[in-house]
Structure formats: structure tokens, C-alpha cells
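Just so you know, we're using my numbering here: the sequence shown kicks off at 3 and counts up by one. From the three backbone atoms N, C-alpha and C, an ideal C-beta is built for every residue, glycine too. All figures in this text were calculated on a predicted structure; none of them were measured in a lab. Note sheet for the following structure.
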Amino acid sequence: MTCFCELSHDEQMMLILLLWFGCMAGIILLVYRASHRRAVVRMVLDLILHAAMLQLLTVLAATNRDISPGVHTPALLLAAGILAELLYAGCSLRYEFLRSRREINAWSIKETMDDLPVGLCFADELDRVVLCNRKMDGLSRMLIGGDPQTLSALTGALEHPPESSGVVPLPDMADCCRFPDGRIYRFRRDELTSEGLEGYVQLTAHDETEIIEGNVRLQDSNTALERVNRRLQKMYERMADDVREKESLELKVYLHDTLGRSLLTVQDVKNSSSREVRQKLKGLKEAVSMLSAGRPALPGTLEQVQQEAEQLGVRVTLTGYIPPDTAAERLIAAAVRECVTNCIRHAKGDAVYLRVTERAGLLRAEITNSGDPPKGEIVEGSGLSSLRRSVEASGGEMHLSHSPAFSMVLYLPRKEDDDL
């Protein structure tokens, strides 16, 4: 069997390198056990084995350089021993690593603390920092430029941060600071009172950026809602005023039309035959009964207006088409009623002409009358003013002309289901 000294130089170097890797693995195993488990018996055995391997490495290296007598140990036996030591070191390292992951020790506690999103720092009764996780280390470097040695140095820097740190305390939020990265942390100091922990102090740093920014956004939303509520309240108040104004306007129109027809009837009675007198007195009684009773709904169709005008001796002629049961029909009927009254009172006429055309969903109603033309510009009284407000409220327009003859033109949107 070939011994070590009979091997070639390259073969000897390969065994020496293999043995060197085995020695390194043994050192790593020894250090890992000493730092994680501190098993005395295993550590002593590992130390003896490691010392033997180092001694063998020294002898083989001297033989390779022809410094010492040749080693006549079979090469296969040496290789088997070196491989066994490597296998032992590798398996032991894997076992110790898995074992440390399953049990609680100082290293597992430190690793768990480092994974926490909360900054943690512990100090003993002498104010010395004994444990600090990775999060608190990072905050300390931004605050004081290095790792904290004492807890008072860290808390003092939190109260009065150095200008170079870029950390800004938030006066409206107790114990909160904004760091250069834009995050906001709340620091809290607690005295530990559990058994065995008397005198120790815990300092925590909680990232409250999302909570604080969420509260700010919520306050902004509440402020915006308050503004909207105030606008809605004002709108409701204006709506109430508009309703009252509309009711008052309807009452004025009703009284104006009823009294106007009644006065015109009285005036016309004086110049009528006995049969016409009876008929017109009947209409006057109806008007009086309506005034003495509750206010009925105003007639809203052109046909009703034509009947009323005929009783007063005025003929209403329609050219065109008016959509029935619409706001436009009611407005046109109110305009014709007003024109009938003015035709009798001012123009001394006996005919009112209505021409309705439609284009692009817009109705144009032109009203003229027979009789004397106006002597000057038309001054709008309560009747015409009320009519104009009603037309404009529906989205339309009203135009009056006095030359060469009286003319009223209405532009109204056609809405089948609209209500006045």
C-alpha cells in the first residue's frame, strides 16, 4: 500500500489542502458551539480532535517540504481520516444550526428583535445600552450619527435633535419626531418592573406615519364635508325662499287675472243686452265665489283661456301646435290671458292672435292683438313682471315690442314631463 511519503508532490498537496479545509471546519464548529450552546464536553472533544488535526497538518506540511522524515502512513488511510473529519464537522455544523433555529437562545432572541418593525432599546440600571435591535440602530445613526452607548444620550437627542441630523420634533404631537426619510416615529420610555428586570429601562420607537397622515387626510375630508354641509344648508334656505316666492307669485297672478276679468266684465255689462248681462253676471259670480272660497288651481290650457276670452268678447286665434300637458302650454296660456286683459284695457281690441312654431326643440310663441297700438314703450306691471319671472324660471325668454304694433314673443324649451 502506498504511503504518504511515496506520493508525488501534487498528490501530497491535495491531501494537505483537504486536511486544511477540515481544520477550518473544525474551528468554525468550535466557535459556533462556544457562542451558541456552550456544551463543555463536546467542546473539549472538538478541541482535542482539532488539535490532533492541526498537528497532523503540521507534520504533513513538513514532509512535503522535506523538512522532517517521511510519513509512512498509508495515503488511503490518511485520506479516509481527513474525509471523516470533514464529514463530522459538516454534519455537526448543520445539526447545531438546525438546533439553534428550534430553541430559544440569545442569538434567536436578537434575530427576532431585529426582524421587528418596531425600534427596541434596553438599558440597565447604570444607563448603559445592553440591547438594541436593527431598527433602533438605524434611527440612532440618523439621530446621533452612531450606535447609542447610554440611554440618556439617545433620549436627550430626541428632545433636542442636532441640526445636522435633520430630525424635527412635532410640537403638536407628543414624543413624535419626523426623520429625514419622511417617516414619523413616536418614542416611548417604560420602566421594567418584572421579576429579575428591576432597574432596566425599555425605549420603543413606533412608526406612526400612516396613522398620522391618515388622520390628516381624515381631518381634511371632514373640513371639506363641513364646507359642503354649509353650502347645502344655504341652498336649502334659498330653496325655502324660492318656494315662498313662487307661491306668492302664483297668488299675485291669480288675483291679477281674476280681478282683471271681473273688472272687465263689470265694465262690459254696462254696454250689453239683457241676455248678455245674465251670462256675464254668471261669470262674475263665479269669479267672486272663487275669491271668497279657497284658491283653486289656475286654468292651464289654451282652450280654457279661449273660453274665458270669448265671454269677455275677445276672439283668440291659434296658428300652429302647442304640446299638451306641458309647462310650455301653461306658460303660453298665461301669456295669452295677460294679452287678452291688456287688449281690452289698453288697445280696445276684440281679437288676439297666437302663432306657435318649433325649431330644434324650442317653441316660439308670438302674440299680437287688434286695436290701437301702444303710444310708447311698454311698462311692465305686476302681471307682465310675474309672467317674465315664470318664463325665465323655466329656462325660456320673453320679449315685448310696441312698434309698429304690440307683440309678445316667448321662447320656451319643449319638455313633455316638466312642471311649472
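| Asked | Found |
| --- | --- |
| Element boundaries [beta strand (DSSP E), containing residue 154] | Note, residue 154: premise wrong, no beta strand (DSSP E); alpha helix (DSSP H) at 153-161. |
| N-terminal and C-terminal residue of the beta strand (DSSP E) that residue 133 is part of | 131-134 |
| Distance, residue 18 Cα to residue 66 Cα | 9 Å |
| Span of the beta strand (DSSP E), counted from its first residue to its last, around residue 51 | Taken as a continuous stretch (DSSP letters only), residue 51 belongs to no beta strand (DSSP E), being part of the alpha helix (DSSP H) at 42-66. |
| Residues that DSSP places opposite residue 204 in a beta bridge | 124, 192 |
| Chain-order list of residues whose beta-carbon lies under 6 Å from that of residue 409 (same chain, five-residue window excluded) | 370, 403 |
| Under the three-state DSSP convention, the category residue 328 falls into | coil |
| DSSP bridge partner residues for residue 415 (one or two, in chain order) | 364 |
| C-beta contact flag for residue 383 and residue 416 at 7 Å | no |
| Own chain partners of residue 22 with C-beta closer than 8 Å, once the 5 adjacent residues on each side are dropped | 59 |
| Residue 217 - partner residues in DSSP beta bridges | None, per the DSSP bridge assignment. |
| Best match in 335, 198, 386, 207 for proximity to residue 119 [C-alpha to C-alpha] | 207 |
| C-alpha distance - residue 64 paired with residue 34, whole-angstrom precision | 30 Å |
| Segment contact, 8 Å Cβ cut-off, at least three pairs: the segment 225-236 with the segment 137-146 | no |
| Neighbour-count burial assignment, residue 340, 16 or more Cβ in a 10 Å radius | buried |
| C-beta atoms of residue 191 and residue 205 nearer than 7 Å | yes |
| DSSP-derived helix/strand/coil call for residue 294 | Only weak support is given to the placement of residue 294: the predicted model assigns it a pLDDT of 46, under 50, and the value that follows is read from those uncertain coordinates. Three-state result, residue 294: helix. |
| Closest Cα partner of residue 344 within the set 359, 381, 25, 123 | 381 |
| Boundaries of the alpha helix (DSSP H) in which residue 399 is found, first to last residue | First-last for residue 399: 399-403, but that is the beta strand (DSSP E), not the alpha helix (DSSP H). |
| Between the CA atoms of residue 318 and residue 292 - distance to the nearest angstrom | Since pLDDT at residue 292 reaches only 47, below the 50 mark, its modelled position is unreliable, and the value read off the structure follows with that caveat. Roughly 24 Å separates the two Cα atoms. |
| Backbone secondary structure at residue 76 - three-state DSSP | strand |
| Endpoints, the alpha helix (DSSP H) within which residue 316 is located | Where residue 316 is concerned, there is no enclosing alpha helix (DSSP H), given that its DSSP letter is neither H nor E. |
| Cβ neighbour criterion (16 or more within 10 Å) applied to residue 48 | buried |
| Helix, strand or coil at residue 323 [DSSP, three-state] | coil |
| Cβ-Cβ distance between residue 125 and residue 100 below 7 Å | no |
| Delimiting residues of the beta strand (DSSP E) encompassing residue 180 | 178-180 |
| Residue nearest to residue 374 in terms of C-alpha spacing, selected from 407, 357, 396, 355 | 407 |
| Proximity below 7 Å, CB of residue 334 to CB of residue 346 | no |
| Rounded separation between residue 133 and residue 157 - CA only | 15 Å |
| Own chain residues within Cβ distance below 6 Å of residue 116, not counting five before or after | 135, 136 |
| Of the listed residues 330, 155, 61, nearest to residue 399 (C-alpha basis) | 330 |
| Inter-residue Cα distance where the pair is residue 25 and residue 150 | 38 Å |
| beta-carbon residue 228 near the ligand MG non-hydrogen atom, thresh 6 Å | In terms of ligand content, the structure shown is empty, and the ligand MG therefore cannot be addressed. |
| Residue 356 vs residue 414 beta-carbon contact at 7 Å | no |
| Secondary structure of residue 409, DSSP reduced to three states | strand |
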